[in-house]
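Asker: Chains as they are written, first to last, in the working numbering: chain A, 12 to 415; chain B, 18 to 421; chain C, 52 to 639. The structure's right below; bear with me while I get my questions together.
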Amino acid sequence: MSYKLDGWQEPTLGENLARAGVERRDFLKYCGSLAAIFTVAPSLLGAGNEAMADEITGDLIAEKLADVTKPNVVWLQLQECTGCIESALRSGGTTVEEVVLNLLSVNYNEAIMAAAGDAANKALDSTNAEPHILVVNGSIPVKDGGIYCTMGGKSAEQVLRESAENATAILAVGACAVWGSVQGSNPNPTGAVGVDQIIRDKPVINVAGCPPIAEVITATVAYILTHESLPRTDAEGRPLFAYDQRIHDSCPRRPHFDAGQYVRTFDDEGSRSGWCLYEMGCKGPSTFSACPIIQWNLHTSWPIGAGHPCIGCTEKHFYDRFTPFYHALPNVTGLGIEATAETVGWGLLGATVVGVGLHAGATALRHAAAQKKGDEPLEAFGDIPEPAEPVPAGEEPAASGEEA
Amino acid sequence: MSVATAARPASNYIARAGFSVGKLSQGRVLALAAAAPEGSDDPVDHAIAETLRVDRPDLPLPYVEEGDFDPATAQRRYSLAMVRDFPIKEGTTADVVVMRGDLEAVLKQVKITRKDRSLVHRNADWASMRGWRPLAVATALVTDGDTVGEFRLQGLVNIGREKISRGLPDPGPADWTEVPVWSLSLRLQHWTNVATIFTLSLTGYFIMHPFFGPEAYAGEGTGYLMGWFRLVHFIAAAVWVVLGMTRVVSAFVARDPHLRWTEWWPLKRKQDVRNLGQVVQHYALIKEDAPVYLAHNPLQQLTYAALYCACGLQMITGFALFGLYHQNNWIWALAATPCHWFGIPTVRMFHTGMMFALWMFVVMHIYLAVRADSLDRHGGISSMINGGVWLRRGTNPVDAPEVG
Amino acid sequence: MAERVVIDPITRIEGHLRIELETANSQITKAWSETTQFRGLETILQGRDPRDAWAFVGRICGVCTSVHAIASINAVENAIGSNPPEQALRIRDIVLGAQEIQDHVIHFYHLHALDFVDVAACIDADPAKAVAFAQSIGSNWKGNNLTRMTAVRDTVKSIVESGQLSVFTNGYWGHPDYRLPPEANLMAVAHYLDALEFQRSMIRIVTVFGGKNPHPNFLVGGMACAIDPNHSESINQVQLDAVQGWINECVDFVTNCYVPDALAIAGVYKDYFDIGAAQPDFLAVGLTGATYAGDPANARVKSVHTEVEPGVVHLDGDKVSVEAFDPAKITEWASSAWYEYAEGDVGLTPDKGETTVKYTGPKPPYTAAPNDGLPWLSDNPEYTWCKAPRYDGYPVQVGPVARILLGYARGHARTKEIVTMAAQKLGITIGQLNSTAGRTLARAAECLLAAELLANESFPTFVANLKGGDIDVFDASKWEPSSWPSQCSGYSFVEVARGNLSHWVTIENGKISRYQCVVPTTWLAGGRDAQGQQGPYEESLAGNGKHPLADPTQPLEPLRTIHSFDPCMSCAVHVLDVDGQEMAEVLT
């Protein structure tokens, strides 16, 4: 079976399939086989119809799927910088036009929606009332009753909870939505947290990055539409299709790392030769992202490709755990000192050596003193400063084992 | 046979029978040491005579004629005395020349086996560490009236100043014996540990901070510098992990009590806690002596328990970092779990910090081993090669039966 | 009888802005500009490595990405005495130029255009007429063809008919003040989509040098991207060729699409040259992209059209005068903001800036629609997170209009030429630039200047230097903190898309002890000061009591005026808190 697929141009799947030349008989056959394998997502069957799961038939699936309209989307922007939407605008895989106009119906997004104020809030409320996909940019400042970020007079937390209630899938897009990002860094004055710290009863897909790569944002949406399931994720909720490998493990500069060829200062010969930035504090070894593979802005370049060490923006708390950015390991702080782990390590080792030396000295002194106390010159030991009297000749014993 | 009955002048020195290297009893060695002209006002002569009188009233004070005593001098740090009819054993007497004085000076004049020499030193050091002065006693048989035979070392008599030495532990009578403690497998494990930790540290340090390497293309092959370092690190790590596993297994299956897991937890009775306190005070230079342990004292046991934990953590964090390379494999994903909890940089820093901590342990370990060996003369260092430690007969170690 | 109106959220901006209004007889009588987001970034910066600061403040805004990072590295370099090499400065010029063009295009088409363009109306348009309309306004854009226009109309049609309007849901479609003919609406929607494609392509200029966009990477002391014509893994002829191509795209799109569209819309909505006037005083340190590390009067590092000296422009009717700029005259007020100063309600200079949070507003939720019974923010004298900067005690406007007027007043030839051309075409005077349409027009004019600067100066100079063998991009002498003074401070001014941006940093023992940004949107979105002077947003809406608002449920007219400033609220709320936080106590 081969069909011409031009994306979603008709209101319903049935009509789209018809447009693509899929015959109803094929479609029913396909749905029949689906019924044997899958149970249909409750959202498709409507609330309260879980009991029908036993009686799912190919016909029923066909009926439900054919009626599917474009998924409605609420795309929230909470406490953030709009960089994630800007990134999505730059997607060259599935373009943002495709996502917004053909694949989805993005009924609420502050950055690009036409309506404002009351009209925008109504669009949000009516979409929230139906099953929808929820995309979140931005963190949720929970401190002080949520005063640090409000929309339509509501706190970010309230807005998020209302939108999450009927959401069938929740995507936290960008470092802010994943964990709080820059405003969530120490000392986190506004109490900024990520989506999965508020919404705990539903899975949250964490599309990490500051911002995430454009194509990864749109592909995550497209993945859900294509596979009709959430993408498989790693332990931190990041989709494996974009976050299963460290930058270090797929970095084109990795051979230079293995060869021991490092940039020692910026703009040195190694830098011009594209050597490894490990010694410049590159966080590639600690960062899961497909940057080297997908690259940025239509495969133009990527941070390490442009000579700057990775700052690890797909990792949680990178502003605290990865700083100073130009050091390989985070600094050790506390007790008023701040130094690299290496310096601290050597310092402690030195202190140990000194401590051992002092202890050895003290031990030696103590025993020297103890010995000295009994060390009054004793004639029996030959301690006499000078011979008391000449040794009588002939009394010399058989010294040196001399046998008489 | 003449017995000196006249009291010698009062002395503020005391003497203790020390150690007999030959066939003579310690009392007889003491008696030989008492060989001095009648009426000598030397404090050592007096102290020895007094002790002999009190401890071995059965033995006579040897009679030395005025002209038969040749006192020690600064050049020749021993005295010589001709003793006639000395009771070598019950019912047998002989004429002997008694050489008495500084141990090193006497040792130069005698024939002695390596083993005996070591034993003599062990005893002399042990006593002198405690404020006593070992007075060496050697004898030569006189035959045919005036033929002096070869000098043989008979033993030591410890001389101490009354005021100071009274509070000191009795330096004798004692003898040393070698007790096998460390099994061959334990010794092998110890040295394999040394080798792997050394290798892991060197390569690990380079992985943390590749402080040397090419600055620019030198017109030759790129090499595989870091690659080799990492490969060696991983191989050594594998060896170390296998070693660690065998150690854990042996802790539960071994019959040798020194291999069993109980060795890692010293505090089983109230007395153990008191002993721990005394050991700590000993190391803090507050107490001179601590309870004697054949194997590890409580502080050591705790330290080694912590060390095993530290090494375990080092292995876990090592695997956590190694596992990052393959997150699609559940084993490695599981191994990498700590990275998701604490963040990769934190784990890396911990791994580095633990390396420095191990180095600190190594420094202290070597120091304390050398120190203990010097103070207690138990041969702790050589025991890691031949397995035996030296203890004085009659010692009653906390963790073993009395040494006979 | 005054009617109260609230618009929250103001959409198609960056960040969170709320406007409360009082209207009478369909005209706005009072206005409050209320910023409802606070992030406290500068608090977070304290004690950090100043070399890292760009990566933090860069995240102030992802729309005006790059600009905060560049301002930051400039300020730090100014403080520690680093001398970035010539080529590094040229690269930053190129990045700023590309950013400015992308930002203006996105603003015009995707944030602002829907105030004037009725998307739903274009389904009735004849694609052929749309092509003809485009030609009639002088648009030589390659997208003006029948196939494209037809496809766009069909797409919009399918969306509208599906009933799932996506981002166009609940727009004010059919509002009587949408005045474009259907074919103009169709052309505008086609260009809306083309502009998406365009910005996606041309922003790669930044990616080449910064590795990614948004939030490219920068480096204190220069740039991290090595340039060497004879190395495969540094920037060489391959990248230069690509950059040249994208710069050509910029010139093409701005000249043939953006500028004609802006002129056409301004022509249809000409009454907006008399609506939305804010204060007639304008501050700029130069033309777009002008950069100064330190006081412009004696800056060690300065760049881009330095012949156009910094100044404050005063408009008196059509009379333009300019006074010299003195950084010491900048103060910030917290009179209407949720902060308190130790010294009371005074203006503080940025280098002494302080902010202690003191929230006095209502606990959320507060009103989102009239008569919902919830409290209003404007019931209190403090109503925003945004401070109010003043120059010499009075509010000023910043941004494209300020720079265009400065260029005009300083006699910059190309600026005068463009302004004269537009004024003649539209039949407006120079004084009318202080208006809603004036600000929008100035932005388009400036975008043209930026594209020409990029194509004719920044990039050619960079290439010429490279040809001369200059490949240095980094000053390593001041990289290590040990080479810095134990205490130092520095600042920088950069003219970025939304106006004059300055960053101020103090470094003690290698760590940031104080960080302050004075940001374009703060100048514009701030509230009232202690003298009761309104901020420019408020003044533009309620300055003369004549700003129209026909239907409070469809507040199209105030949206046009607010959008003409290109609000960037995340930028506006910048907070330095030296002495720790005193968090909100009054939560009623």
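Ideal placement from N, C-alpha and C gives every residue a C-beta, glycine not left out.
1. Mind listing the chain B neighbours of A/Arg264? Cutoff is C-beta to C-beta under 7 Å, in chain order.
2. Tell whether a beta-carbon distance below 7 Å holds between C/Leu270 and C/Val449.
3. Between the C-alpha atoms of C/Tyr392 and C/Thr406, what's the straight-line distance to the nearest angstrom?
4. So, does the CB of C/Leu6 fall closer than 7 Å to a CB anywhere in chain A?
5. Does the stretch 272-286 of chain A come close enough to the stretch 234-254 of chain A to have 3 or more Cβ pairs within less than 8 Å?
6. Just confirm the distance between the C-beta atoms of B/Val159 and B/Leu173, as a whole number of angstroms; I'd bet it's less than 8 Å.
7. Does the Cβ of A/Leu376 have 16 or more other Cβ atoms within 10 Å, making it buried, or fewer, making it exposed?
8. Compute the Euclidean distance between the alpha carbons of A/Ser284 and A/Pro82, then round it to the nearest angstrom.
9. Check whether chain A comes within 7 Å of B/Asp75, counting only Cβ atoms and requiring the distance to be less than that.
10. Could you please give the first and the last residue of the uninterrupted alpha helix (DSSP H) stretch that includes B/Phe36?
11. Measure the CB-CB distance between C/Asn485 and C/Ala593 and report whether it falls below 7 Å.
12. Run through chain C and tell me which residues come within less than 9 Å of A/His319, C-beta to C-beta.
13. Where does A/His238 land, buried or exposed, given buried means 16+ other C-beta within 10 angstroms?
14. So that I know if they touch, is there some Cβ in chain C lying closer than 7 Å to that of A/Pro200?
15. Cβ of A/Phe277 less than 7 Å from any chain B Cβ?
16. Just confirm the distance between the C-beta atoms of A/Val218 and A/Val227, as a whole number of angstroms; I'd bet it's less than 8 Å.
17. Please report the straight-line C-alpha distance between C/Thr512 and A/Gln169, rounded to a whole angstrom.
18. With burial defined as no fewer than 16 other Cβ atoms inside 10 Å of the residue's Cβ, what is the status of B/Trp282: buried or exposed?
19. Compute the Euclidean distance between the alpha carbons of A/Thr354 and B/Ala352, then round it to the nearest angstrom.
20. Give a yes or no on whether the minimum CB-CB distance between C/Gln567 and chain A is below 7 Å.
21. Below 6 Å CB to CB, which residues in the same chain sit around C/Ile124 once its five sequence neighbours on both sides are set aside?
22. One question on the structure: do C/Asp166 and C/His614 come within less than 7 Å of each other, judged by their Cβ atoms?
23. According to the neighbour-count rule (16 or more other Cβ atoms, all chains shown, within 10 Å of its Cβ), is B/His207 buried or exposed?
24. Name, going along the chain, the residues of the stretch 269-295 of chain A whose beta-carbon falls closer than 8 Å to a beta-carbon of chain B.
25. Going by C-alpha to C-alpha distance, which of B/Gly84, B/Val258, B/Gly404 and B/Pro197 sits closest to B/Cys328?
26. Is C/Asp526 closer than 7 Å to C/Ser133 when the C-beta atoms are compared?
27. Shorter than 7 Å from the beta carbon of A/Gln90 to some beta carbon of chain C?
28. Have a look at the DSSP bridge pairing and note the partners of B/Asp75.
29. Leaving out the 5 sequence neighbours to the left and right, which residues in its chain are closer than 6 Å to C/Gly66 when beta-carbon positions are compared?
30. So the alpha helix (DSSP H) C/Met274 belongs to, where does it begin and stop?
31. Could you tell me the distance, in whole angstroms, from the CA atom of C/Met253 to the CA atom of C/Pro60?
32. Quick one: measure Cβ to Cβ for C/Pro415 and A/Ile158, integer angstroms, because I've assumed they're closer than 8 Å.
33. Can you list, in chain order, the residues of its chain with a C-beta nearer than 6 Å to that of A/Ile96? Leave out the 5 residues immediately preceding and following it.
34. For B/Ser96, report the span of its beta strand (DSSP E) as first-last.
35. Return the bridge partner residues of A/Ile151 from the DSSP annotation.
36. Across the stretch 182-198 of chain A and the stretch 318-328 of chain A, are there enough close Cβ pairs to call them in contact, namely three or more that are closer than 8 Å?
Answerer: In brief:
1. None at all; the shortest Cβ gap to chain B is about 12 Å.
2. no
3. 6 Å
4. Nothing about residue 6 of chain C can be read from this structure; chain C reaches only from 52 to 639.
5. no
6. That pair is no contact at about 23 Å.
7. exposed
8. 48 Å
9. no
10. Here B/Phe36 belongs to no alpha helix (DSSP H); instead the beta strand (DSSP E) covers Tyr30 to Ser37.
11. no
12. Gly261, Gly262, Pro267, Asn268, Phe269, Leu270, Met274, Ala275 and Cys276
13. exposed
14. yes
15. no
16. 6 Å
17. 53 Å
18. exposed
19. 29 Å
20. no
21. Trp105, Phe269 and Val271
22. yes
23. exposed
24. Asp269, Ala270, Gly271, Gln272, Tyr273, Arg275, Asp279, Glu280, Gly281, Ser284, Tyr289, Glu290 and Lys294
25. B/Val258
26. yes
27. yes
28. Partner(s): none; B/Asp75 has no beta bridge.
29. Gln88, Met620 and Ser621
30. That residue, C/Met274, is in no alpha helix (DSSP H); it is neither H nor E in DSSP.
31. 31 Å
32. 7 Å
33. Ala122
34. Tyr95 to Lys106
35. A/Val204
36. yes
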